[in-house]
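The opening residue of the sequence shown carries number 1 in full-length UniProt numbering; numbering runs sequentially from there. Glycine included, C-beta positions come from ideal geometry on N, C-alpha and C. None of these values were measured; they are calculated from a predicted model. Notes follow once the structure below has been shown.
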Amino acid sequence: MPPSRSLSSRTIAPVLGKLALALAVFLLITGGWVGAQLRMAANAPLPDVVGTGRGCPLWFVGSSSIYRWKTLDRDMPSWSAHNRGIGGALLPELTRHLAHEPESTRAPVAIVFYAGDNDIAKGASAEKTVADFHAFLAEKDQRFPRVPMLVLSIKPSPKRAALFGVQNAYDAALRRLAEQRADLTFIDVTTPMLVNGRPGPYFIADGIHMDDAGYRIWTRHVQAGLQQALPAGALARCARAQAPPPSI
Numbered sequence: 001m002p003p004s005r006s007l008s009s010r011t012i013a014p015v016l017g018k019l020a021l022a023l024a025v026f027l028l029i030t031g032g033w034v035g036a037q038l039r040m041a042a043n044a045p046l047p048d049v050v051g052t053g054r055g056c057p058l059w060f061v062g063s064s065s066i067y068r069w070k071t072l073d074r075d076m077p078s079w080s081a082h083n084r085g086i087g088g089a090l091l092p093e094l095t096r097h098l099a100h101e102p103e104s105t106r107a108p109v110a111i112v113f114y115a116g117d118n119d120i121a122k123g124a125s126a127e128k129t130v131a132d133f134h135a136f137l138a139e140k141d142q143r144f145p146r147v148p149m150l151v152l153s154i155k156p157s158p159k160r161a162a163l164f165g166v167q168n169a170y171d172a173a174l175r176r177l178a179e180q181r182a183d184l185t186f187i188d189v190t191t192p193m194l195v196n197g198r199p200g201p202y203f204i205a206d207g208i209h210m211d212d213a214g215y216r217i218w219t220r221h222v223q224a225g226l227q228q229a230l231p232a233g234a235l236a237r238c239a240r241a242q243a244p245p246p247s248i
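Next up, the structure:
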């Protein structure tokens with residue numbers, strides 16, 4: 001009678017034990033690596049996509065509406081536009097990344113800021129969102145105390161129409177704050193994006209993000225805001241900086 005080829009429990013148990021140990025070691029190593037990568041990402045400075053302009057550095061900081069602004073070079077030709085947006089970012093995330101900006105970083109001439117939209121969409125109250133904006137502003141004051149900031153109101157995305165009341169309360173608080181601080185300029189991009197009191201045709205199919213027409217509205221109002229927020233001397237200096245070098 002041929003010997004049985006079936007494995008006994010005594011044979012299987014050591015094999016399973018070794019496999020379980022190997023799996024545990026693998027998960028420990030990969031889990032530690034993933035955790036380290038996540039910590040590195042959390043402690044990194046804001047991302048920085050630098051445009052080709054020769055003018056003064058102008059930072060655009062915020063959530064996906066900034067991150068998706070892919071025409072900054074064309075829209076801000078007189079500046080060296082830095083796109084420092086993060087898709088889906090919340091205010092505390094932006095504050096944390098700003099806190100990890102290297103000490104050697106050259107300060108921008110101004111910061112154009114858009115955030116709070118996602119916070120409110122995730123259930124934050126206007127008061128909580130305003131408090132988180134204050135935290136970002138405090139970090140900016142510590143790192144770049146003399147840099148003016150232009151803060152944009154929340155765009156009237158059709159998909160988030162149910163949140164307009166909370167968004168308007170947040171915007172109103174930022175407008176009042178800008179009236180109290182010389183270094184803060186509030187830019188209303190909500191009103192020009194409304195048609196008969198409803199969101200105009202400035203959004204892509206997802207009902208949240210803007211199309212090119214929406215960004216053209218932002219461009220006009222940001223350019224006008226810079227003229228208001230920056231002293232004439234700074235504007236003249238930046239205009240000289242973006243001029244092409246003289247031919248030899």
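- If you look at H209, you'll find it isn't in any beta strand (DSSP E); DSSP assigns it neither H nor E.
- Going by DSSP, R84 is part of no alpha helix (DSSP H) but of the beta strand (DSSP E) stretching over 80 to 85.
- In the DSSP annotation of this structure, the continuous segment of the beta strand (DSSP E) that includes I111 starts and ends at 110 to 114.
- In the DSSP assignment, T185 falls outside any alpha helix (DSSP H) and lies within the beta strand (DSSP E) extending over 184 to 187.
- Distance from the CA of A131 to the CA of R216, rounded to the nearest whole angstrom, comes to 30 Å.
- Fewer than three Cβ pairs drawn from the segment 211 to 229 and the segment 160 to 173 lie within less than 8 Å of each other, which leaves the two stretches out of contact.
- Residue pairing for G62: DSSP places it in a beta bridge opposite G85, Y114.
- Look at the beta carbons and you see the segment 43 to 59 touching the segment 69 to 84: at least three pairs across the two are nearer than 8 Å.
- Under the rule that a run must span 3 or more residues, the beta strand (DSSP E) segments found entirely inside the segment 102 to 164 read 110 to 114, 149 to 152.
- DSSP, read as helix, strand or coil, puts P14 in helix.
- C-alpha of G87 to C-alpha of R68: approximately 8 Å in a straight line.
- Comparing C-alpha distances from R146 to each of V166, V109, P156 shows the shortest one belongs to V109.
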